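The next block holds one structure in the form of structure tokens; read it before the comments.
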Amino acid sequence: MSRPEGVQLMEGNHACAWGAIDAGARFYAGYPITPSSEIAEVCARELPAYGGTYIQMEDEIGSMAAIVGASLSGKKTFTATSGPGFSLMQENLGVGIYQEVPCVVVNIQRVGPATGLATQPAQADVMQARWGTHGDHPIIAISPASVQEMYYFTIRAFNLAERFRTPVILLGDQVVGQTYENITLPDPDSLELIERKKPVVAPEDFLPYQADENLVPPMAAYGDKHIVHASSTCHCETGYSNFKYGTNRQLLTRLKNKIYNYTDEIVEVEHFGPEDADVTLISFGCSSRVCKYVIGEAEKEGIKVNLLRLITIWPFPDQEVQKALAKVGAAVVAEMNQGQVIHEVNRVNTTNTPVHLASGIDGELIRPEIVMNSIKEAVK
Amino acid sequence: MNKNWQVVLAGEGGQGLILAGRILSEAAIMDGNNVSLTSSYGIAARGGYSEAQVVISENELYYPKCASPDLVLALTQPAYDRYVDKVKDDCLIVYDSKDVADGKRKNEFGYDFKEALLTLGNLKVINSLFLGVILKQRNIVSRENLIKALEKNLPPKIQDINLKAFNYGLED
């Protein structure tokens, strides 16, 4: 099979794999797990033809280690998994963050904990994406809601990873991963791709962790003339471990600021529905599509509802959520867990707007009536 | 063919429901519509409840599942029972008259798939047959595009018998 041309009926996972290939990813290491396996399938079949490498690893710990190592060698790399595998990846995800390694981790969420309701949809790894790996760290996570977005957001995830020199999580779910929809892949030459910055200094003057004005160190690959040392221990600009007082503070502060000083470049939301509403829905991923549907149903019952969809989950869109809450009498957070994003919403709820939860934990796409009931409760 | 449709194809594993959903979806795309296809099935390759849901819309599609089906194909009793009490009055249920006990609603149509398959001399073409049967009842997609999608999705050596089954369902 070659790259699909023209309008296609395509599965979300396939669209993700093609997005990665079109973004320039040339290394995939993974351990297949439903409902993400089709990403591995397409990579195994297609990557060699692009001069890329597919490796089926012994497990997800190894998969994450492999994509970190291959990225340090100069490739755009990624892996895909679901909850149980995402748990195993956490340790080396931290290594990727600390060593500032651009790579993309796709998590097609399913019901947990443990084996859960294999392999039904959930959105319950939101906090795991944020805090799953130990230690203080920033993370970028974005959430697609359609097959189209599985393609384009995968490209966006690679661009963010390269721009900020950090792992990026594509936080999908079984619904967006395994739904088929019509899509036309664009001409790959028309895509705007970001590549990691290369060193501009002479090899003898190169310090692999000396940041530029954007707080991001230019990156040489293993084997280049510029010598690289990457350590999972606290390190200074040389890349070698350094336990002096102040080094860790300096490093952690820069890792945080290189992302949090640039949230304008990262954070994206979608506003949907009437500008003025009785209730604002706040949602993301597959649940946000249910919200869009419910807005029409609520209108029939005379309730004006709009939606703030979080495209970026991490860093959390503080200002956008704050503004939306300030404009409305009540809000409903719709998510397929027992309340994760709602805590972040309440954290920025300076106007004390009543916030209700529409929680879908039944191993299926959240039912419209669950969202509708929460809306009715909110307008009571 | 620009009408919004929500179609459920339900039965058991091995009946080609998901492939039929794919063929129907591709025909709808050829008609110029937006489509969403979802499926659910058990871990067994044959047997066990299985279904495909196809949503067709000329507009942007929000809810990717069938919130309120317009047509349900029920090839087994469990499939029929799952939908009979929850569909709206004008939803048509097409059911297997041999496998499903006598229907209990006004808006339904029983069809003897087994007999038709025996006449066709091939039990495996049930999905092409039921696509013909449901298209005779409702113009969900254009017949030309359905035939194109069928040809696209099947290997050449089984195309003739499947086209024959489709046309049989359409004319029977």
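First to last, the sequence lines map onto chains F and U.
Note that the numbering used here has the first sequence beginning at 2, numbered continuously upward.
Note that the numbering used here has the second sequence beginning at 4, numbered continuously upward.
All C-beta atoms, glycine included, are put in the ideal place defined by N, C-alpha and C.
Here the structure is a predicted model, which means the values were calculated and not measured.
**Request:** Kindly list the residues whose CB is nearer than 8 Å to the CB of SER74 (chain F), restricted to its own chain and excluding five residues on each side of it in sequence; keep chain order.
**Result:** Locating residue 74 (chain F) in the first sequence gives position 73, counting from the first residue. Only ALA222, TYR223 and GLY224 meet the Cβ criterion.
**Request:** Please classify LYS149 (chain U): does DSSP put it in a helix, a strand, or coil?
**Result:** For the purposes of this step, residue 149 (chain U) is taken as the residue at position 146 of the second sequence. The amino acid at residue 149 (chain U) is misidentified as Lys; the sequence shows Leu. LEU149 (chain U) falls in the helix class under three-state DSSP.
**Prompt:** Hey, ILE141 (chain F) and LEU172 (chain F) are a contact pair by Cβ (cut 8 Å); roughly how many whole angstroms apart?
**Reply:** To locate residue 141 (chain F), count along the first sequence from 1; it is residue 140. To locate residue 172 (chain F), count along the first sequence from 1; it is residue 171. Wrong, their Cβ atoms sit about 10 Å apart, outside the cutoff.
**Prompt:** Mapping DSSP to helix, strand and coil, what is LYS127 (chain U)?
**Reply:** By one-based count along the second sequence, residue 127 (chain U) stands at place 124. Looking at LYS127 (chain U) - three-state DSSP - the assignment turns out to be helix.
**Asked** Taking the C-alpha atoms as reference points, what is the distance between LYS259 (chain F) and VAL90 (chain U)?
**Response** As a first step, residue 259 (chain F) is located in the first sequence; it is residue number 258 there, counting from the start. As a first step, residue 90 (chain U) is located in the second sequence; it is residue number 87 there, counting from the start. The straight-line gap from Cα to Cα measures roughly 53 Å.
**Asked** Using a C-beta to C-beta distance shorter than 8 Å, which residues of chain U count as neighbours of LYS293 (chain F)?
**Response** In the first sequence, counting from the first residue as 1, residue 293 (chain F) sits at position 292. Under the 8 Å cutoff, chain U gives TYR65 and TYR66.
**Message:** Taking 8 Å as the threshold (beta carbon to beta carbon), is ALA104 (chain U) in contact with chain F?
**Reply:** Translated into the one-based positions of the second sequence, residue 104 (chain U) becomes position 101. No, because no Cβ of chain F sits closer than 8 Å to the Cβ of ALA104 (chain U).
**Request:** Would you mind giving the Cβ-Cβ distance between THR120 (chain F) and GLN91 (chain F), rounded to the nearest angstrom? I have them listed as a contact below 8 Å.
**Result:** Reading the first sequence from its first residue, position 119 is the one you call residue 120 (chain F). Reading the first sequence from its first residue, position 90 is the one you call residue 91 (chain F). With a Cβ gap of about 20 Å, THR120 (chain F) and GLN91 (chain F) do not count as contacting.
**Request:** Evaluate GLU345 (chain F) with the Cβ neighbour count: other Cβ atoms within 10 Å of its Cβ, from every protein chain shown; 16 or more gives buried, anything less gives exposed.
**Result:** Residue 345 (chain F) sits at position 344 when you count from the first residue of the first sequence. Answer is buried; the Cβ neighbour count reaches 16.
**Request:** Please list the residues of the stretch 168-182 of chain F that have a C-beta atom closer than 8 Å to any C-beta atom in chain U, keeping them in chain order.
**Result:** VAL176, GLN179, THR180, TYR181 and GLU182
**Request:** Just the C-alpha distance for PRO67 (chain U) and ASN37 (chain U), rounded to the nearest angstrom, thanks.
**Result:** Within the second sequence, the letter at position 64 stands for residue 67 (chain U). Within the second sequence, the letter at position 34 stands for residue 37 (chain U). Those two C-alpha atoms are separated by around 11 Å.
**Asked** How many angstroms separate the CA atom of LEU89 (chain F) from the CA atom of ILE62 (chain F)?
**Response** Against the first sequence, residue 89 (chain F) aligns to sequence position 88. Against the first sequence, residue 62 (chain F) aligns to sequence position 61. Approximately 5 Å between the Cα atoms of the pair.
**Asked** Hey, is PRO369 (chain F)'s beta-carbon within less than 8 Å of any beta-carbon in chain U?
**Response** Here residue 369 (chain F) refers to the residue found at position 368 when the first sequence is read from its first residue. So yes, PRO369 (chain F) belongs to the interface.
**Prompt:** Which one of F:VAL295, F:ASN347 and F:PHE159 has the shortest CA to CA distance from GLN320 (chain F)?
**Reply:** One-based indexing of the first sequence puts residue 320 (chain F) at position 319. With distances taken between Cα atoms, GLN320 (chain F) lies closest to F:ASN347.
**Request:** Measuring only between beta-carbons, confirm whether GLU29 (chain U) sits less than 8 Å from chain F.
**Result:** Numbered from 1 along the second sequence, position 26 holds the residue referred to as residue 29 (chain U). Yes, because at least one Cβ of chain F sits closer than 8 Å to the Cβ of GLU29 (chain U).
**Asked** Among F:ASP279, F:CYS292 and F:TYR29, which residue has its Cα nearest to the Cα of THR354 (chain F)?
**Response** Within the first sequence, numbered from 1, the residue matching residue 354 (chain F) stands at position 353. For the residues F:ASP279, F:CYS292 and F:TYR29, the minimum Cα distance to THR354 (chain F) belongs to F:ASP279.
**Asked** Considering only residues of the same chain and omitting the five flanking positions on each side of ALA66 (chain F), which have a CB-CB separation below 6 Å?
**Response** Counting from 1 along the first sequence, the entry for residue 66 (chain F) is found at position 65. Answer for ALA66 (chain F): ASN93, listed in chain order.
**Prompt:** In chain order, what residues of the same chain lie with their CB nearer than 6 Å to the CB of GLY13 (chain F), ignoring the 5 residues before and after it?
**Reply:** Residue numbering aside, residue 13 (chain F) sits at position 12 when the first sequence is read from its first letter. Cβ within range, chain order: VAL148, MET151, VAL177, GLY178 and THR180.
**Asked** Taking a cut of 7 Å between CB atoms, which residues from the stretch 5-18 of chain F lie near chain U?
**Response** VAL8 and LEU10
**Prompt:** Which of the residues in the stretch 40-59 of chain F, read from start to end, lie with their CB under 9 Å from any CB of chain U?
**Reply:** Cβ contacts with chain U come from no residue of the stretch 40-59 of chain F.
**Asked** Where does SER38 (chain F) fall in DSSP's three states?
**Response** Taking the first sequence and counting its residues from 1, the one referred to as residue 38 (chain F) is at position 37. SER38 (chain F): helix per DSSP, three-state reduction.
**Request:** Quick one: grab the DSSP three-state call for MET4 (chain U).
**Result:** Taking the second sequence and counting its residues from 1, one reaches residue 4 (chain U) at position 1. Note that MET4 (chain U) has pLDDT 49, beneath the 50 cutoff, so the model's placement of it is unreliable and the number below is only indicative. Coil at MET4 (chain U), not helix or strand.
**Asked** Is the Cβ of LEU366 (chain F) closer than 8 Å to any Cβ of chain U?
**Response** Here the question's residue 366 (chain F) lines up with position 365 in the first sequence. At least one chain U Cβ lies under 8 Å of LEU366 (chain F).
**Request:** Compare the C-beta of ARG290 (chain F) against all C-beta atoms of chain U and say whether one is closer than 8 Å.
**Result:** Along the first sequence, one-based indexing puts residue 290 (chain F) at 289. When Cβ-Cβ separations below 8 Å define contact, ARG290 (chain F) makes contact with chain U.
**Boundaries of the beta strand (DSSP E) in which PHE273 (chain F) is found, first to last residue** = Your numbering for residue 273 (chain F) matches position 272 in the first sequence. Run containing PHE273 (chain F): 270-273, per the beta strand (DSSP E) assignment.
**Asked** Taking ASP105 (chain U) as the reference, which of U:ASP84, U:LEU120, U:ASP93 and U:LEU123 has the closest Cα?
**Response** Within the second sequence, the letter at position 102 stands for residue 105 (chain U). Checking every option, the nearest Cα to that of ASP105 (chain U) belongs to U:ASP84.
**Message:** Helix, strand or coil for VAL291 (chain F)? Go by DSSP, reduced to three states.
**Reply:** For this step, residue 291 (chain F) is matched to residue 290 along the first sequence. If DSSP states are grouped into helix, strand and coil, VAL291 (chain F) belongs with the helices.
**Prompt:** What does ASN37 (chain U) touch in chain F if you count any residue whose Cβ is under 8 Å from its own?
**Reply:** The residue labelled residue 37 (chain U) in the question sits at position 34 within the second sequence. For ASN37 (chain U), the chain F residues whose Cβ falls inside 8 Å of its Cβ are GLU182 and ASN183, in order along the chain.
**Message:** Pop quiz: ARG131 (chain F) and PRO36 (chain F) are said to be a contact at Cβ under 8 Å. What is the actual Cβ separation, rounded to whole angstroms?
**Reply:** Numbered from 1 along the first sequence, position 130 holds the residue referred to as residue 131 (chain F). Numbered from 1 along the first sequence, position 35 holds the residue referred to as residue 36 (chain F). That belief does not hold up - the Cβ atoms of ARG131 (chain F) and PRO36 (chain F) are roughly 22 Å apart, past 8 Å.
**Asked** Does the separation of the CB atoms of LYS139 (chain U) and GLY172 (chain U) fall below 8 Å?
**Response** For the purposes of this step, residue 139 (chain U) is identified with residue 136 of the second sequence, where counting begins at 1. For the purposes of this step, residue 172 (chain U) is identified with residue 169 of the second sequence, where counting begins at 1. Yes, these two residues count as a Cβ contact at 8 Å.
**Prompt:** For HIS230 (chain F), which beta-bridge partners are listed by DSSP?
**Reply:** Walking along the first sequence from the start, residue 230 (chain F) turns up at place 229. DSSP output for HIS230 (chain F) lists no bridge partner at all.
**Message:** Going by beta-carbon coordinates alone, are CYS17 (chain F) and VAL107 (chain F) separated by less than 8 Å?
**Reply:** For the purposes of this step, residue 17 (chain F) is taken as residue 16 along the first sequence, with counting starting at 1. For the purposes of this step, residue 107 (chain F) is taken as residue 106 along the first sequence, with counting starting at 1. In this structure, VAL107 (chain F) lies closer than 8 Å to CYS17 (chain F) by Cβ.
**Asked** Is the beta carbon of ILE304 (chain F) sitting closer than 8 Å to the one on ILE371 (chain F)?
**Response** On the first sequence, position 303 is the one that residue 304 (chain F) refers to. On the first sequence, position 370 is the one that residue 371 (chain F) refers to. No, the Cβ-Cβ distance between ILE304 (chain F) and ILE371 (chain F) is not below 8 Å.
**Asked** Going by DSSP, which residues form a beta bridge with ARG310 (chain F)?
**Response** Counting from 1 along the first sequence, the entry for residue 310 (chain F) is found at position 309. When beta bridges are read from the DSSP output, ARG310 (chain F) appears opposite F:GLU271 and F:SER284.
**Request:** Could you check what DSSP says for THR120 (chain F) in three-state terms: helix, strand or coil?
**Result:** Taking the first residue of the first sequence as 1, we reach residue 120 (chain F) at position 119. DSSP places THR120 (chain F) in coil when its eight states are reduced to three.
**Item:** Simplified DSSP assignment, three categories, for MET11 (chain F)
**Value:** Locating residue 11 (chain F) in the first sequence gives position 10, where the first residue counts as 1. Looking at MET11 (chain F) - three-state DSSP - the assignment turns out to be strand.
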